[in-house]
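**Student:** The sequence shown begins at 33 in this note's numbering and counts up by one.
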Amino acid sequence: MENKKNLSLKINSLAHAYNDAYLFVIPLLLPFFKLEFSFTYFQSGLILTLNEALRSVFSLLTGLFADRFGRKILIISLGFIISSLLLGSVLWVKKTSSIITVLLLMAIAVATFHPLATAMVGERAKPDKKGRDLSLFSAAGTFGLIVISLLFGWLVQTWGWRLTCFIIAIPGLLIGLFYLKISEEKHEIEAIYSKANFGNLLTVFFLSRAVLCLGTKVFLSFLPVYATTCIGLKPGISAWVISFYFLGVLVGSVFISNLLDQKKPLQFTIFSTASMVILIYFFTYSNLTLLTIILIGIIGFMEGIYFPSQNTWLIMFSSNHRRGSLFGFGLFIEGLSATISPTIYGWFADKYGLTYAYRLTVVPIFLSLILSFVLYIMVEKYYDQNIQAA
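Take a look at the structure:
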């Protein structure tokens, strides 16, 4: 049984690295589409918006479907197989509209992974290892982003973007087949609190997450542009700034892995959120390139703490028959924030400058901090009520 659980964690972590790499394929391809197909910035932005919207909606639908009918592993396996076949097919697809259609269909297949795999990792972990396993699972996804950002550039210079997509798709197809080696498990339904109280907790939890993403998603989206216009880095070098951010996320996820099971997850949520408010604010006043890069890495480090702590709390305060849909809803609201916020802050940046727009991102993160405090107080009250009732 222990070997099966370890195999499940290893395959899920490897798949998370590759799935997140698939998520980054479209942004990596856009510069080549601009050169080869004369894409405008509006067309590129529209593709990114549609990609994010499809992933968000189908993450929610996948979670709801799996909670209703089961078969998480089969769904994940088919998602990997279909997305890999679609990505590999761009080697032969010539028509521009067909290529875009294929990549957007791939976004739907890719969306099947996160809500189901995250729930699976939490369910199959030992009670005192849930935080560790979810943190390592999160770190694996970030590692995949770092690797694809480096590997894609090297492969595309040698083989071109079409053959590079085909090469990248082959291991993904194998991962989809590996998933069939993991056995489906049936879990008993866990009831933690009354439905009314449970609903109140989830409402505040998801609201705080959605509000935070209104700030953090923009910070990451405009980071290369900020590095070029406000710090003065060359465009080629500014693209590498994101690597420092993801490196910080990776280190943060690994760092928190052995702490989440010893402390209350919401304490780390509050700490990381408060730190991001302070760090982003000081980031906008930094004129030293080295200091700015260090701050970017530390902000990423805090995000690496934030999401594993959130996922651990959600595993603890949810029942097995609803986890897929709850994680799917979390991804849906993240995607919704990522779709809406760049437009709002982009308009503000055009009016008042990118630096002021970055300072404005602190506002939703601070509101999220307040909501996290409220959630922490609510949870502590429920703990006290249960102790008194016992």
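We put the CB at the ideal spot given by N, CA and C, even for glycine.
Do residue 341 and residue 154 come within 9 angstroms of each other at the CB atom, strictly closer than that value?
**Tutor:** Pairing residue 154 with residue 341 gives a Cβ-Cβ distance that is not under 9 angstroms.
**Student:** If we require 4 or more residues per run, which alpha helix (DSSP H) segments fall completely within the region 366-404?
**Tutor:** 386-392
**Student:** Within 10 angstroms of its Cβ, does residue 349 collect 16 or more other Cβ (buried), or is it exposed?
**Tutor:** buried
**Student:** Near residue 128, which residues of its chain fall below 7 angstroms by C-beta distance, leaving aside the five closest residues on each side in sequence?
**Tutor:** 69
**Student:** Ends of the alpha helix (DSSP H) at residue 306?
**Tutor:** 297-315
**Student:** Look at residue 368 and residue 242 and say whether their C-beta atoms are less than 9 angstroms apart.
**Tutor:** yes
**Student:** Beta carbon of residue 111, beta carbon of residue 143: below 9 angstroms?
**Tutor:** yes
**Student:** Would you mind sorting residue 345 into buried or exposed? The rule is 16 or more other CB atoms within 10 Å of its CB.
**Tutor:** Taking all protein chains in view, the Cβ of residue 345 is crowded by 16 or more other Cβ atoms within 10 Å, so the residue is classified as buried.
**Student:** Which whole-angstrom value describes the C-beta separation of residue 281 and residue 174, a residue pair presumed to lie in contact below a C-beta threshold of 8 angstroms?
**Tutor:** 5 angstroms
**Student:** State the Cα-Cα distance for the pair residue 167 and residue 314, rounded to the nearest angstrom.
**Tutor:** 27 angstroms
**Student:** Would you call residue 103 buried or exposed, if buried means 16 or more other Cβ atoms sit within 10 Å of its Cβ?
**Tutor:** exposed
**Student:** Hey, how far is the Cα of residue 67 from the Cα of residue 92?
**Tutor:** 35 angstroms
**Student:** What are the start and end residues of the alpha helix (DSSP H) that includes residue 291?
**Tutor:** Here residue 291 belongs to no alpha helix (DSSP H), and DSSP marks it neither H nor E.
**Student:** What number of angstroms, rounded off, separates the C-alpha of residue 410 from the C-alpha of residue 233?
**Tutor:** 7 angstroms
**Student:** Rounded to a whole number of angstroms, what is the C-alpha to C-alpha distance between residue 46 and residue 195?
**Tutor:** 23 angstroms
**Student:** Go ahead and label residue 44 buried or exposed: buried means 16 or more other beta carbons lie within 10 angstroms of its beta carbon, across all protein chains shown.
**Tutor:** buried
**Student:** Return the CA-CA distance between residue 5 and residue 165, expressed in angstroms with no decimal places.
**Tutor:** As displayed, the chain neither begins before 33 nor continues past 422, which places residue 5 out of reach and without an answer.
**Student:** Using 8 angstroms for Cβ pairs, my map puts residue 331 next to residue 393. What's the rounded Cβ distance?
**Tutor:** That pair is no contact at about 11 angstroms.
**Student:** Under three-state DSSP, which class holds residue 320?
**Tutor:** coil
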